[in-house]
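Structure first, then comments.
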Ligand SMILES: N[C@@H](CCC(=O)N[C@@H](CS)C(=O)NCC(=O)O)C(=O)O
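In my numbering, the protein residues as written are 303 to 506.
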C-alpha cells in the first residue's frame, strides 16, 4: 500500500482528499515535528531532500513529492477527476493547478521559515508574503465561475486544494469577506462527508 508521509494541518491533507476521491488506499504516516531537527526530520530527508510533506512512497518503492505531481499521476488512472484531456477546461485545470503550487504555496514556505532567507527581516518577509498571497487569492477569485466546484458541477482534484487552503493564512473569515466564490467552493468541498475525518484529524 502507498505510504503518505504527512503532518496534521499540512498539505498532506490535500493529497489524502485526492486519494479519497480516487478511491485509492494509502497508509498515512504522521511525521509531525519534521520541520525541526530530530529523528522525524532525518527520516524524511532520506526520502525527500527538501524535507517537505507530502512525501509519497509508491508501491514499487519509488518516491513522489509535490502535490501537483501526485495529482497529475493520479489522473493517469482516474481521468474523471479533472476536465477531459484536450478540452479548454483541462488547459485551465493545468494552469490553475501549477499556478497554485508555483505561486501560492511558496508564500507559506517563505513565511513559515523566513530565517532561511533573512537574518534580520523575518517579520517583514512574513508580512510581505502574507500580503502577496492575498493578492494572488484575489486573482484566483476573478477566475472562478458559479460553482459549486471550480469546474462547475463536477469536483476535480483542484478543489481539494481550496478545501485545505481556506483554513491557512489569511484564514476563513478573510476568504468569506474578500473571495466569496473561492470560499463557497471550498465550503462545498468541505461539506462532503467523505472528507470529514481527514479535515477534522488535520484540524482544518
Ligand atoms: N510544492 C510543494 C510544497 C509542500 C510544502 O511546502 N509543504 C509544507 C507543509 S504544508 C512543508 O513541508 N514545509 C516545510 C518546509 O518547506 O521546510 C507541494 O505542492 O507539495
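Where a beta carbon is used, it is the ideal one built from N, C-alpha and C, also for glycine.
In this model, residue 340 and residue 504 are separated by some 22 Å (Cα to Cα). The residues 395, 398, 399 and 452, in chain order, have a CB closer than 7 Å to that of residue 460 in the same chain once the five nearest residues on each side in sequence are set aside. Minimum Cα-Cα distance from residue 334 among the listed residues 325, 364, 354 and 376 corresponds to 354. If you check the CB distance, residue 500 and residue 485 do not come in under 8 Å. The beta carbon of residue 405 lies closer than 6 Å to those of 438 in the same chain, with the five residues before and after it left out. Of the residues 462, 419 and 471, the one whose Cα lies closest to the Cα of residue 432 is 471. Following the DSSP letters along the chain, one finds residue 476 inside the alpha helix (DSSP H) bounded by residues 473–480.
Positions of the alpha helix (DSSP H) runs, each at least 4 residues long and wholly inside the stretch 443–476, are given as 459–467 in order along the chain. Comparing alpha-carbon positions, the option among 349, 344 and 323 lying closest to residue 306 turns out to be 349. Here residue 375 carries a helix assignment [DSSP, helix/strand/coil]. With a cutoff of 7 Å, residue 356 counts as near ligand 1, since its C-beta is closer than that to a heavy atom of the ligand. DSSP places residue 330 inside the beta strand (DSSP E), whose first and last residues are 328–332. Exclusion of the five residues before and after residue 436 leaves 472 as the residues of its chain whose Cβ lies within less than 7 Å of its Cβ. Here residue 415 carries a coil assignment [DSSP, helix/strand/coil]. Of the residues assessed, residue 320 falls on the buried side of the cut-off, its CB having 16 or more other CB atoms within 10 angstroms.
For residue 305, DSSP records a beta bridge to 329 and 359. The C-beta of residue 415 has fewer than 16 other C-beta atoms within 10 Å across all chains shown, which makes the residue exposed.
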